[in-house]
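Visitor:
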Amino acid sequence: MSVIGIDFGNESCYVAVARAGGIETIANDYSLRATPSCVAFSPRNRIIGVAAKNQMVTNMKNTIHGFKRLLGRSIDDPFIKQELKHLPFNVVKCDNNKIGINVNYLNEQHTFSVEQITGMLLTKLKEISETSLKTKVNDCVISVPSYFTNAERKALLDSASIAGLNVLRLFNETAATALSYGIYKQDLPNPEEKPRNVVFVDCGYTSLQVFICAFNKGKLKMLASTFDSQLGGREFDYILAEHFSKDFKSRYNIDPRTNARAFLRLLAEVEKIKKQMSANSTKLPMNIECFMDDKDVHADIKRTEFEELAMHLFNRVEVTLEQCLKDSKLSKDDIYSVEIVGGSSRIPYIKSLIEKIFGKIPSTTLNQDEAVSRGCALQCAMLSPAVRVRDFSVTDIQSFPIELLWDPSDNSDDGRAEVFPKNHPVPFSKMLSFYRLAPFTVKAHYSGPIPYADSYIGQFTVRDVKPTSDGASQKVKVKARVNIHGIFSISSATLLEKSEVQDEPVTTSETMETSEKETQPVEPEEKKDEKKKSVTKTIDLRIESITHGYSTMDLNNYIEQEGKMVAADRQEKERIDVRNSLEEYIYDMRGRISNEDDLAPYIVDADRENISKQLEDLEIWLYEDGEDCIKNIYSEKLDVLKGVGEPIKRRKVEYTTFPSVKDQAVELISKAERDIDAFKKGVEQFNHLDAAEVDKLAETLNNAKRWLEEKAAQVSATPLYKDIPIKLDEFVREKHSIEENVSKVLYKPKPAPKVEPPPPKEEEKRENEPMETEQPVENGKDA
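Residue numbers for the sequence shown follow the working numbering, so the first one is 1175 and each next one is one higher.
1. Along the alpha helix (DSSP H) that carries residue 1633, what are the first and last residues, could you check?
2. Would the beta-carbon of residue 1376 be found less than 8 Å away from any heavy atom of the ligand SAM?
3. Does the distance from the CB of residue 1182 to the CB of residue 1316 come in under 9 Å?
4. May I ask you to report which of helix, strand or coil DSSP gives residue 1612?
5. Would you say residue 1214 and residue 1225 are within 9 Å of each other, going by their C-beta atoms?
6. According to DSSP, simplified to helix, strand and coil, what is residue 1242?
7. So what does DSSP say about residue 1356, is it helix, strand or coil?
8. What is the residue span of the alpha helix (DSSP H) that residue 1501 lies within?
9. Mark residue 1227 as exposed unless 16 or more other C-beta atoms lie within 10 angstroms of its C-beta, in which case mark it buried.
10. List the whole-angstrom C-beta distance separating residue 1418 from residue 1444, where the pair is believed to meet the contact cut-off of C-beta under 8 Å.
11. Here's a check: name, in chain order, each residue in its chain whose Cβ is nearer than 6 Å to the Cβ of residue 1407, leaving out the five neighbours to either side.
12. Among residues of its own chain, excluding the 5 on either side of residue 1739, which ones have a beta-carbon nearer than 7 Å to its beta-carbon?
13. Tell whether a beta-carbon distance below 9 Å holds between residue 1371 and residue 1504.
14. For residue 1354 and residue 1549, which I take to be in contact (beta-carbon distance under 8 Å), what is that distance rounded to the nearest angstrom?
15. What residue does the alpha helix (DSSP H) around residue 1785 start on, and which one ends it?
16. Tell me the rounded alpha-carbon separation between residue 1881 and residue 1865.
17. So residue 1387 is in the alpha helix (DSSP H); what residue range does that whole segment cover?
18. When you compare only the Cα positions, how much space is there between residue 1403 and residue 1381?
19. Using the beta-carbon count (16 or more within 10 Å), is residue 1279 buried or exposed?
20. Under 6 Å Cβ to Cβ from residue 1692, same chain only, skipping five residues before and after it: list those, please.
21. Determine the direct distance from the alpha carbon of residue 1320 to that of residue 1347, and round the result to whole angstroms.
22. Quick check for students: name the residue ranges of the alpha helix (DSSP H) that lie wholly in the stretch 1542-1621, counting only runs of 4 or more.
23. Any idea if residue 1632 is buried or exposed, counting beta-carbon neighbours within 10 angstroms, 16 or more meaning buried?
24. Give the straight-line distance between the Cα atoms of residue 1814 and residue 1218, rounded to the nearest whole angstrom.
25. Roughly how many angstroms lie between the CA atoms of residue 1187 and residue 1211, to the nearest whole one?
26. So if DSSP puts residue 1626 in a beta bridge, which residue, or which two residues, is it bridged to?
27. Can you list, in chain order, the residues of its chain whose CB lies under 8 Å from that of residue 1816, leaving out five sequence neighbours each side?
28. Going by the CB atoms, is the gap between residue 1405 and residue 1377 shorter than 9 Å?
29. Tell me which same chain residues have a C-beta within less than 6 Å of the C-beta of residue 1422, skipping the five on either side of it?
30. Going by the beta-carbon positions, is the gap between residue 1352 and residue 1396 smaller than 9 Å?
31. Does the stretch 1900-1919 come close enough to the stretch 1869-1888 to have 3 or more Cβ pairs within less than 8 Å?
32. Answer yes or no: do residue 1912 and residue 1843 have a C-beta to C-beta separation smaller than 9 Å?
33. Quick one: what's residue 1967 bridged to in DSSP?
34. Would residue 1991 and residue 1190 be called neighbours here (beta carbons separated by less than 9 Å)?
35. By the DSSP assignment, the beta strand (DSSP E) with residue 1470 in it spans what residues?
36. Assuming residue 1773 and residue 1823 form a contact by the criterion Cβ under 8 Å, report the distance between their Cβ atoms to the nearest whole angstrom.
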């Protein structure tokens, strides 16, 4: 069993595994370390990852991407409405205002939830891991942006359940990056010393996260974390795409913004040119052939032009950087270094802003693309009992303040409390006391400014609360907790019931002194003190929760659906594999039977023409009527074809292999005959051999030699298009038989010389002589 860390990104995913040699990033079935976050649907199967991204333009409506930002959201969310403008697939409204994605799958219209789509991607990542590691994968740690709310975190956990993954922790990308940095640092200060403060700037495809960590040996503590969830590399791509769209409209009279497929192509091109600008300040050209209306387009741009276009975005970057430094309550002098991760942090202007605000040149110690997945793999190894790894304490923080609301019991109770302020350490639990006569409800929501339309977390009703026997309020202890996944809940509630019970009477005894002569004791006088004591009894109370996430029934239904789709994908893959094998065999045989250096000499012309006709008919069938046949039909036709082709291939192998096997046998016999001559000449090396056995071997070798010459003559006289007169297996057996006989007779080891034991020494002789025994004496006389 292996444990993995998954960096679940909006554009692509990385999977890392902790092994004895360290952390390794797993390559997918295309030998790439990055797997695109794309899921596509076709009339026959699902396509996930690299293959899905490759058909994003051609199968646009059925290729789903960018769905990470839709997780756990309502379709009425203004953010979602803005986001859907950039997504070309069809989105529909489902129950409870959830987002449904409508696709054509198996020639039918299907609607999948965002959690199901995410589950499909995680299933693919799990399959990639199991194929690479050659073992089952179950436990994992998955990264989430630090600004993900309860709803989004619960949605991701549901997706992991659909994929059959056991998530040990939803790990904030911020903490994962910091862990992958800190665990390998051997020069961190001791716990009692001043910590090392490091700034991390993670500008990814869709968001910017800036965070500051304090490091000591064996532990890290997050000090501050700020973000802009709407600012990433994608926004810079849109700026460039908008610029070129206006340019093309004025010069070519075409507008890519009106054509979704053209706009996707444009986005792919501007992303390339954006990366080139990070390393080049000169004017860079962009050319797209047959872009729209069969027109080729050409344009160019310089880095300075790009920076002017994106200045409003850079200003937002600057605000986020400054806010993080302010929240940490540190000065520039307190900062040890600044580490950058994420693809968009390579933009030169962002680097200059980092140096300006923090006073340090950005460092690239970490792998900018794989740091998060490596941190997740490390955390998974720490949490799983299956792997041993050096422990490293991680103290994360709460991104948004969490407030509880309830109906106040009296005027002194204002009915609200902020239980977890911003940047509070997590995971963490707090106990709250309520005095109630009946069941009551506590509602939780995020307070303060958050980048979401809905701040709701959930409501929790504490049941089974009753007044005391005299009608007074009962004390209820409620535990509010943000768990290891960053999810808030009311995890438990207990009733503290106080009562006074009659204590057992305390008896004191006074006894009189008695003399030893007294046989009966004197009865003591008894005094009884009656006391009462207070006893507190704890009673666990039921909690009914209404929060985000699917019910157990819905989740089980999705898990079942995913299992069926996985089985269907497997069957389709097997069908395609057999079809490809048939197609490959057709092309292989067609080329080989006509090649004079290959199979052509081993087949007569008439048979070659028949086989060529058979191959041609099969190829036509394969691309017409046989395009979408079931696996068994392809298997049957492949078996028939192999029944014709394999004998020809085997014939070639036998004819080409026979000379070398024959030469080996002849050389074996020749060497044995030379050694027999040496034996007859009395060479000392062979003195231990038996003459009769050697003579018999010589006769056997002569017979074998004649047999070889006879068979070799038969093979030479046989045309290559006919089967070889002696099967190669029979020839090999004969060769092995000769080897065994020769080894048994000629090369048996010499017998070990007999070693005479040395004569016994005088002492040993005396020790071995029998001892004299005295005769028994009876009645003082000699016997």
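We treat Cβ as the ideally placed atom computed from N, Cα and C, and that holds for glycine.
Guide: The structure says:
1. To locate residue 1633, count along the sequence shown from 1; it is residue 459. Where residue 1633 is concerned, there is no enclosing alpha helix (DSSP H), although the beta strand (DSSP E) it sits in stretches over 1630-1636.
2. Ligands displayed in this structure: none; no statement on the ligand SAM is therefore possible.
3. Along the sequence shown, one-based indexing puts residue 1182 at 8. Along the sequence shown, one-based indexing puts residue 1316 at 142. In this structure, residue 1182 lies near residue 1316, with their beta-carbon atoms less than 9 Å apart.
4. Taking the sequence shown and counting its residues from 1, one reaches residue 1612 at position 438. Looking at residue 1612 - three-state DSSP - the assignment turns out to be coil, as it is neither helix nor strand.
5. Here residue 1214 corresponds to residue number 40 of the sequence shown, with the count starting at 1. Here residue 1225 corresponds to residue number 51 of the sequence shown, with the count starting at 1. Yes.
6. Numbered from its first residue, the sequence shown carries residue 1242 at position 68. If DSSP states are grouped into helix, strand and coil, residue 1242 belongs with the helices.
7. Looking up residue 1356 in the sequence shown gives position 182. Helix at residue 1356.
8. Residue mapping note: residue 1501 aligns to position 327 of the sequence shown, counting from 1. Note, residue 1501: alpha helix (DSSP H), 1485-1502.
9. As a position in the sequence shown, residue 1227 is number 53, starting the count at 1. Classification of residue 1227: buried, given that the 10 Å Cβ count is 16 or more.
10. The residue you call residue 1418 lines up with position 244 of the sequence shown. The residue you call residue 1444 lines up with position 270 of the sequence shown. Approximately 7 Å separates the beta-carbon atoms of residue 1418 and residue 1444; this is inside 8 Å, confirming the contact.
11. Stepping through the sequence shown from its first residue, residue 1407 is reached at position 233. So the qualifying residues of the chain are 1379, 1517 and 1518.
12. Reading the sequence shown from its first residue, position 565 is the one you call residue 1739. Beyond the five residues adjoining it in sequence on each side, residue 1739 comes within less than 7 Å, by CB distance, of 1220 in the same chain, given in chain order.
13. Reading the sequence shown from its first residue, position 197 is the one you call residue 1371. Reading the sequence shown from its first residue, position 330 is the one you call residue 1504. Yes. Within cutoff.
14. As a working mapping, residue 1354 is identified with position 180 in the sequence shown. As a working mapping, residue 1549 is identified with position 375 in the sequence shown. Between residue 1354 and residue 1549 the beta-carbon gap is near 4 Å, inside 8 Å, which marks them as a contact.
15. Counted from its first residue, the sequence shown places residue 1785 at position 611. 1779-1797 is the span of the alpha helix (DSSP H), which, as asked, contains residue 1785.
16. As a position in the sequence shown, residue 1881 is number 707, starting the count at 1. As a position in the sequence shown, residue 1865 is number 691, starting the count at 1. About 24 Å.
17. One-based indexing of the sequence shown puts residue 1387 at position 213. If you look at residue 1387, you'll find it isn't in any alpha helix (DSSP H); it sits in the beta strand (DSSP E) that goes 1382-1390.
18. Reading the sequence shown from its first residue, position 229 is the one you call residue 1403. Reading the sequence shown from its first residue, position 207 is the one you call residue 1381. Straight-line Cα distance between these residues: approximately 5 Å.
19. Position 105 of the sequence shown, counted from the start, is the residue given in the question as residue 1279. Counting Cβ neighbours within 10 Å, residue 1279 comes out buried, since at least 16 surround it.
20. As a position in the sequence shown, residue 1692 is number 518, starting the count at 1. Residue placement at residue 1692 cannot be trusted, given a pLDDT of 36 that sits under 50; what the coordinates show is reported in the next sentence. There are no such residues.
21. The sequence position of residue 1347 within the sequence shown is 173, counting from 1. The sequence position of residue 1320 within the sequence shown is 146, counting from 1. Taking the straight line joining both Cα atoms gives about 6 Å.
22. Entirely contained in the stretch 1542-1621, the alpha helix (DSSP H) runs reaching 4 residues are, in chain order, 1545-1557.
23. In the sequence shown, residue 1632 corresponds to position 458, counting from 1. Buried: at least 16 other Cβ atoms inside 10 Å.
24. Start at 1 with the first residue of the sequence shown, and residue 1814 comes out as number 640. Start at 1 with the first residue of the sequence shown, and residue 1218 comes out as number 44. Distance between residue 1814 and residue 1218, taken at the CA atoms: about 26 Å.
25. The residue given as residue 1187 occupies position 13 in the sequence shown. The residue given as residue 1211 occupies position 37 in the sequence shown. Roughly 6 Å separates the two Cα atoms.
26. Start at 1 with the first residue of the sequence shown, and residue 1626 comes out as number 452. Looking at the DSSP assignment, residue 1626 forms no beta bridge with any residue, so it has no partner.
27. Working through the sequence shown from its first residue, we reach residue 1816 at position 642. Counting only Cβ-Cβ distances below 8 Å, and skipping sequence neighbours, we find 1759.
28. As a first step, residue 1377 must be located in the sequence shown, where it is residue number 203. As a first step, residue 1405 must be located in the sequence shown, where it is residue number 231. Going by C-beta atoms, residue 1377 is nearer than 9 Å to residue 1405.
29. Position 248 of the sequence shown holds residue 1422. Cβ within range, chain order: 1428 and 1471.
30. Counted from its first residue, the sequence shown places residue 1352 at position 178. Counted from its first residue, the sequence shown places residue 1396 at position 222. When the beta-carbon positions are compared, residue 1352 and residue 1396 come within less than 9 Å of each other.
31. Segments in contact, yes.
32. Position 738 of the sequence shown, counting from 1, holds the residue named residue 1912. Position 669 of the sequence shown, counting from 1, holds the residue named residue 1843. Result yes, Cβ atoms of residue 1912 and residue 1843 sit closer than 9 Å.
33. In the structure displayed, the chain extends from 1175 to 1957; residue 1967 sits before or after that span and is not available.
34. Summary: the structure shown does not reach residue 1991, with the chain confined to residues 1175 through 1957, and so no result is reported for it.
35. Indexing the sequence shown from 1 puts residue 1470 at position 296. For residue 1470, the enclosing beta strand (DSSP E) has its first and last residue at 1469-1475.
36. Here residue 1773 refers to the residue found at position 599 of the sequence shown. Here residue 1823 refers to the residue found at position 649 of the sequence shown. In this structure residue 1773 touches residue 1823 by the C-beta definition: roughly 7 Å separates them, less than 8 Å.
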